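Since the structure comes first, as structure tokens, the remarks are kept for the end.
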Amino acid sequence: YQHGLETYKVAEAVKANAIGASLFSDWWAYKVEVQDAIAQAGPILWETGVSVSYNSDSDELVRRLNTEAAKAVKYGNVPPEEALKFITINPATQLGIEDRVGSIEVGKDADLAIWSGDPLSGLSRCEATWIDGREYYSLEKDAQLRAANAAERARLIAKLNGKPDKKDDEPSESED
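Structure follows, in structure tokens:
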């Protein structure tokens, strides 16, 4: 079930008849079809034995699914290791792609986020992101790019202000 915000009401039926339920951690009462949604829905389903996943429906919130998973710990005393499954292996299993993603195993795609601390803590930050075994983000690379951007910005501002640009003073290959 996708957007199963009220599936906690029929948790046994979901367990018997579905791969699992995907829901939001704590979005409720914002429209009629979720007026009975509760923050404990994920934990209740999990306690019943349903494979629970949290989704975001948002390109912004998806970057913080780790804190969404932490809400299962807060609202329902779900153990942290199980709460992490709400955003890793459980959704992969529900989508039928658990042979490729969702856990760290030999032979799977290397899609990883490296955290400075507990990934369920709002105080931790992502230090590196790897997708298909390639580094897409790191704090170190980000610092280098920021420094390069600052230098280029300063160069352009100086040029706009009429100051000579060292790059413009160098002869080009065509002038040789």
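Numbers 191 to 366, taken from the working numbering, label the letters of the sequence shown in order. Even for Gly, the Cβ is constructed at its ideal location relative to N, Cα and C. As the structure is a computational prediction, the values presented were derived from the model and not from experiment.
### Task
Please report the Cβ distance between ASP322 and ASP299, rounded to the nearest whole angstrom; I am assuming they are in contact, meaning their Cβ atoms lie under 8 Å.
5 Å
### Query
Is it true that the region 286-297 meets the region 256-266, where meeting means three or more beta-carbon pairs spaced less than 8 Å apart?
no
### Message
Taking the beta strand (DSSP E) that ARG324 belongs to, which residues open and close that run?
### Response
324-328
### Task
Drop a sphere of 10 angstroms on the beta-carbon of ALA273, count the other beta-carbons inside from all chains shown, and report buried for 16 or more, exposed for fewer.
buried
### Task
On a CA-only basis, which of ALA206, TYR244, TYR191, VAL204 is nearest TRP217? Give me that one, please.
TYR244
### Message
Can you tell me whether TRP218 is helix, strand or coil according to DSSP?
### Response
coil
#### Entry: C-alpha distance - ALA227 paired with THR238, whole-angstrom precision
17 Å
### Message
Quick check on DSSP: helix, strand or coil for LEU302?
### Response
strand
### Message
So the candidates are TRP320, TYR220, LYS275; which of them puts its Cα closest to the Cα of ALA262?
### Response
LYS275
### Query
Sorted by chain position, which residues of the same chain lie with C-beta nearer than 6 Å to SER306's C-beta, five sequence neighbours on each side aside?
SER314, ARG315, GLU317
### Message
Using DSSP's beta-bridge definition, name the partner residues of LEU213.
### Response
TYR244
### Task
Leaving aside the five residues before and after ILE304 along the sequence, list all residues of the same chain whose C-beta is less than 6 Å from its C-beta, in chain order.
GLU317, ALA318
### Message
Just to confirm the assignment, what range does the beta strand (DSSP E) spanning GLU317 have?
### Response
316-321
### Message
By alpha-carbon positions, which one of PRO270, ASN280, HIS193 ends up nearest to LYS221?
### Response
HIS193
### Query
Using the beta-carbon count (16 or more within 10 Å), is GLY267 buried or exposed?
With the sequence shown as reference, residue 267 is identified as Asn, and Gly is not the correct amino acid for it. Result: exposed.
### Message
Quick check: what's the CA-CA separation for TYR326 versus TRP320?
### Response
6 Å
### Query
Should TYR191 and ALA229 be called a contact, given that it needs their Cβ atoms to be closer than 8 Å?
no
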